[in-house]
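Residue numbers (my numbering), protein chains in the order written: chain S, 590 to 971; chain Y, 12 to 457. The beta-carbon is built from N, C-alpha and C at its ideal position, and this holds for glycine as well. All figures in this text were calculated on a predicted structure; none of them were measured in a lab. Quick notes on the structure that follows.
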Amino acid sequence: MGSVCCSQQHGRADSDEIEQTAEIEDRIERESKAEEHIQKLLLLGSSDSGKSTIFKQIKLLFQNGFDDAELKSYIPVIHANIYQTIKILFDGSKELSQSFSDSSRFHVSDENKEIGERLSEIGSRLEFPYLTPEIVEEIETLWQDNAIQETLSCSNKLQVPHCAHYYIENLQRLSNPGYVPTKEDVLYARVRTTGVVEIQFSPVRENKRSGEVYRLFDVGGQRNEKRKWIHLFEGVTAVIFCAAINEYDQTLLENETNHLMETKELFEWVLKQPCFEKTSFMLFLNKFDLFEEKVLKVPLNVCDWFKDYQPASSGKQEIEHAYEFVKKKFEELYFRSTSPDCVDRVFKIYRTNALDQKLVKKTFKLVHETLRRRNLFEAGLL
Amino acid sequence: MPMFQPSKKNGFLGGGDGRVLDLDTAVKDGVLGGVGGGGLGTGVLEKLDLNKMIEELNLSTVPSVFICPISLEPMTDPVTLCTGQTYEKSNILKWLGMGHYTCPTTMQELWDDMLTPNNTLYQLICTWFSQQYVQMKKRSENAQGRASELLSTLKRVKGQARIQTLKELQQLVSNHSTARTAVVDEGGVALLSSLLGPFTSYAVGSEVIATLVNLTLCSESKANLMQPSKVSAVVDVLNEGSIDAKLNCVRLIETLMDDKGFRAESISSHSLLVALMRLIRDKRHPNGHLPGLALLKSISIHNELRTLILNIGAAPQLVELVPFLNPECIELALFTLEALSSTSQGKQALKDCPKTIPTMVKLLMRISEICIAHALSILLSVCKLAPEECSLVAVEAGIAAKLLLVIQSGCNQILKQQAAELLKLCSLNYSDTMFLSKCKLTRTIH
Chain S
590 MGSVCCSQQH GRADSDEIEQ TAEIEDRIER ESKAEEHIQK LLLLGSSDSG KSTIFKQIKL
650 LFQNGFDDAE LKSYIPVIHA NIYQTIKILF DGSKELSQSF SDSSRFHVSD ENKEIGERLS
710 EIGSRLEFPY LTPEIVEEIE TLWQDNAIQE TLSCSNKLQV PHCAHYYIEN LQRLSNPGYV
770 PTKEDVLYAR VRTTGVVEIQ FSPVRENKRS GEVYRLFDVG GQRNEKRKWI HLFEGVTAVI
830 FCAAINEYDQ TLLENETNHL METKELFEWV LKQPCFEKTS FMLFLNKFDL FEEKVLKVPL
890 NVCDWFKDYQ PASSGKQEIE HAYEFVKKKF EELYFRSTSP DCVDRVFKIY RTNALDQKLV
950 KKTFKLVHET LRRRNLFEAG LL
Chain Y
12 MPMFQPSKKN GFLGGGDGRV LDLDTAVKDG VLGGVGGGGL GTGVLEKLDL NKMIEELNLS
72 TVPSVFICPI SLEPMTDPVT LCTGQTYEKS NILKWLGMGH YTCPTTMQEL WDDMLTPNNT
132 LYQLICTWFS QQYVQMKKRS ENAQGRASEL LSTLKRVKGQ ARIQTLKELQ QLVSNHSTAR
192 TAVVDEGGVA LLSSLLGPFT SYAVGSEVIA TLVNLTLCSE SKANLMQPSK VSAVVDVLNE
252 GSIDAKLNCV RLIETLMDDK GFRAESISSH SLLVALMRLI RDKRHPNGHL PGLALLKSIS
312 IHNELRTLIL NIGAAPQLVE LVPFLNPECI ELALFTLEAL SSTSQGKQAL KDCPKTIPTM
372 VKLLMRISEI CIAHALSILL SVCKLAPEEC SLVAVEAGIA AKLLLVIQSG CNQILKQQAA
432 ELLKLCSLNY SDTMFLSKCK LTRTIH
């Protein structure tokens, strides 16, 4: 008798479990189905190529942007950037005065030297004080020093961030007690991305029904062991590879290689990964505005990869000519690194300036269109 | 004498399709010179003008009673037989001149060989065609005016409005020659070209290209379109577009290449060639094969571009495709392959592809002399690269018999010489008897 009662009890417990399991499996299936419809985009590129700026732009364009709290959270970063910049310039001027024969132009004036040392000391700390009007004045004085300006003109040897000019120009505003960063301020802020950040968004606003959903991943640009985790991104719809084309004359901190050569190697490596055999590649040739400024002053041939470049004209035409040359080089590289059976991958090159929101919006619209057409094509509807 | 009673059945009067000229409609349309009849009710038009109008209009919807049963063309000088059937004078005269004495449609024997001019019908035909002509002229002028309007609209609008304007303009331009002239004369080509650039959306790009292919482009416009950013826009559509859009791109590129100032460098783009190869290999749209191959042939004429074609692996792809193509396409494909085989990289690529030799051997003595010429040239290039290895493959594929056929055929001397050279090359590794056995020769040739 007892055993019968026992088995009945067991029976009830079992059926509960079975029901639960079924429910869980059902949920898993539903969620996986939903996941399938989300198109995943992976941002890749070497450090300082503008990936995170693109990431922020997408957030601004297609999500709800940054709320007040998020904006304020950038204040420490912005202030840190300012300290770091001035420190780099001051230390740089000392370094250059030692390595150049006409070192006098890098000699900071005596009054300013003291300011420089103090600021440099602050800049090497891990935490920075809030910008006070006194510190702002000191920074501005130091900035006006000829030596610092000279150092700035040699910025290709140092790692002077691009935001330098922008922040120094806006110092007064940035140091106000009630300062809330603007969108532009946030876009210029430089912080090394660690780990992976992602956002989910839908680019279609007018016609909500056909809203495709994208999930954008930004993995930092450091030279870490990419090969260990890159395969986790197999099956992404597209890789957005950012290459800062103005860096052709800049050398890297770590090992003295040319920035652009590093980008070239990375691009080659990514193209050859088996996990990306069917992935579309969108190449963003970024920082075009800086490229425009530089290419007329610094010839492309300083970069080994571009050593066969012949300038053809001048002014605007020359900029276009130089850009087309760089674009062609990347195209050649792509096709060299692509095996014949991968040749059907979507591959498009876009000229971008990540800080220009309108441009990023236009560019992304085109990317979206291409991906959509690709889907239709693969579904046999085109 | 038996009188033939014409049947009142529909469609008997004047031809097959049953479209009898309805009297009510005819009066309404004014063809019978009724009220508001296009203003040409009384004009007597010369036969010559009528011929001109018929030709220009080239309509397919001419009322069946106007059509001559013999030639199925509209009549310009209708005459009626004694049986009551009406024919074009020259046609029925030819019929009677051949010795027939019957009415072609009723098969009756004619009791009277008089041909009565059918003036009534003639008047109707003239009036109807004049009306159509006037309407067409009006539409053309409208088209011209509309085209001008659209061009000015295009300068102002953006977004969806721009796409709609472009669509209408493209329709207009493809249907009316007056619209085409208007667009070209008013700087429309430059305006359209300016819409192609790095940020051109697919919708805009495809319509612009579809419009441009219908226009005559001067040398300057062509040079303008050959700018790298514009070529990129065209290549993008060639890569992503519908089959019609792709065909338009191919046509446009052909036009641009057909210019004195053309520099091969402007189309030296991997993406272009990849897109072209994709079109050529697309099994779902066979109508793209011929235009695609024709363009590829034009491209392969330029030395500098051959390396590019080889770099994207086109050689083995073409070789594999050849057996599935129709004769016209094969000729084009072979031309390209021969052009590629003139470079050392090409020779190597062709040799490395295992299907080259068997495919070429199969083509000998098939299709046409041109194909034979190409195939022989390719085989020579490849075999000379590695004579021992290649001759083995070639002989196994049955080249010997084919070559002998070529030598004995009615082909021109040069081909025969080439065939003989190739035969010699292939036979070097074999003893005479072995070779002959490989040839599978019949006793007579033996």
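First and last residue of the uninterrupted beta strand (DSSP E) at residue i
i              : result
residue 652(S) : First-last for residue 652(S): undefined, no H or E at that position.
residue 939(S) : 936-940
residue 91(Y)  : 89-91
residue 97(Y)  : 97-99
residue 804(S) : 802-808
residue 787(S) : 785-790
residue 869(S) : 869-875
residue 628(S) : 627-633
Under 8 Å between C-beta atoms of residue i and residue j
i              : j              : result
residue 639(S) : residue 931(S) : no
residue 89(Y)  : residue 97(Y)  : yes
residue 893(S) : residue 632(S) : no
residue 938(S) : residue 778(S) : no
residue 131(Y) : residue 117(Y) : no
residue 387(Y) : residue 426(Y) : yes
residue 874(S) : residue 834(S) : yes
residue 418(Y) : residue 390(Y) : no
residue 340(Y) : residue 380(Y) : no
residue 823(S) : residue 804(S) : no
residue 206(Y) : residue 215(Y) : yes
Cβ-based neighbour list, residue i, same chain, cut-off 7 Å, excluding 5 preceding and 5 following
i              : result
residue 701(S) : 730, 731, 734
residue 120(Y) : 112, 113
residue 250(Y) : 282, 286
residue 865(S) : 828, 859
residue 416(Y) : 376
residue 869(S) : 826, 827, 934, 935, 960, 963
residue 319(Y) : 279, 281, 284
Nearest-angstrom Cβ-Cβ length linking residue i and residue j, presumed shorter than 8 Å
i              : j              : result
residue 300(Y) : residue 291(Y) : 6 Å
residue 189(Y) : residue 221(Y) : Actually they do not touch by this definition, with Cβ atoms about 19 Å apart.
residue 191(Y) : residue 225(Y) : 6 Å
residue 769(S) : residue 678(S) : With a Cβ gap of about 27 Å, residue 769(S) and residue 678(S) do not count as contacting.
residue 87(Y)  : residue 61(Y)  : 5 Å
residue 392(Y) : residue 358(Y) : 5 Å
residue 332(Y) : residue 350(Y) : Going by Cβ atoms, the distance from residue 332(Y) to residue 350(Y) rounds to 16 Å, so no, they are not a contact pair.
Partner residues on chain Y for residue i, Cβ-Cβ distance less than 7 Å
i              : result
residue 924(S) : 281, 322, 323
residue 951(S) : 210
8 Å CB neighbourhood of residue i in its chain, flanking five on each side removed
i              : result
residue 722(S) : 764
residue 233(Y) : 266, 267, 270, 272, 273
residue 945(S) : 878
residue 202(Y) : 162, 165, 166
residue 242(Y) : 236, 277, 278, 280, 283
residue 239(Y) : 277
Range covered by the alpha helix (DSSP H) that runs through residue i
i              : result
residue 167(Y) : 130-167
residue 124(Y) : Taken as a continuous stretch (DSSP letters only), residue 124(Y) belongs to no alpha helix (DSSP H), as it is neither H nor E.
residue 837(S) : No alpha helix (DSSP H) contains residue 837(S), which DSSP labels as neither H nor E.
residue 363(Y) : 355-363
residue 295(Y) : Unbroken run through residue 295(Y): none, as it is neither H nor E.
residue 383(Y) : 380-396
residue 908(S) : 904-925
residue 966(S) : 946-967
Cutoff 6 Å; reference residue i; Cβ partners in own chain excluding five residues on either side
i              : result
residue 942(S) : 877, 878, 948
Chain-ordered chain S contacts of residue i [CB-CB under 7 Å]
i              : result
residue 251(Y) : 959, 962
residue 239(Y) : 913
residue 274(Y) : Going along chain S, no residue has its Cβ under 7 Å from residue 274(Y), so there is no contact; the nearest lies around 13 Å.
Within chain S, the residues that residue i reaches when beta carbons sit closer than 9 Å
i              : result
residue 285(Y) : 924, 932, 933, 936
C-beta neighbour in chain C for residue i, strict 8 Å
i              : result
residue 940(S) : Looking for chain C here will not work: the only protein chains present are S and Y.
Neighbouring residues, chain S, relative to residue i (Cβ below 8 Å)
i              : result
residue 212(Y) : 954, 955, 958
residue 289(Y) : 933
Contacts of residue i in chain Y (Cβ-Cβ under 9 Å)
i              : result
residue 929(S) : 323, 324, 327, 328
Contact list for residue i against chain Y, beta-carbon separation under 8 Å
i              : result
residue 866(S) : Under the 8 Å cutoff, chain Y gives no residues; its nearest Cβ is about 16 Å from residue 866(S).
residue 920(S) : 280, 281, 282
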